[in-house]
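Here the structure is laid out as structure tokens; the discussion comes afterwards.
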Amino acid sequence: MRKVKIKGIYKHFKGDYYLVEEIGTYSETGEDCVVYRKLYDDGSLWVRPKEMFLSEVDHNKYPDVKQKYRFELQKEI
490 MRKVKIKGIY KHFKGDYYLV EEIGTYSETG EDCVVYRKLY DDGSLWVRPK EMFLSEVDHN
550 KYPDVKQKYR FELQKEI
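Dropping the structure here:
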């Protein structure tokens, strides 16, 4: 199973880069969520369920995308 690397720089399948800051827990469900920062524009923080962060790209919806996963690790810092 794929794991999320804290302080890893990930590339989103649409081309932008993000820094994973931490794994948090959603208070309502106990679900793990990835807290990550945009490495462009305003550098804002975002949160996404871990399962979704690690999921594969929907190649039916995005047939021209070469990347297998929604977010792919590029390097660890």
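Just so you know, we're using this note's numbering here: the sequence shown kicks off at 490 and counts up by one. Don't be surprised by glycine CBs; every beta carbon is placed ideally from N, CA and C.
- Spanning the alpha carbons of G504 and K494 requires a straight line of approximately 19 Å.
- DSSP places F502 outside any beta strand (DSSP E), giving it a letter other than H or E.
- Membership of E540 in the alpha helix (DSSP H) is indicated by the continuous run K539 to F542.
- In the structure shown, L528 adopts coil according to DSSP, grouped into three states.
- In this structure, the alpha-carbon of K496 lies about 12 Å from that of Y506.
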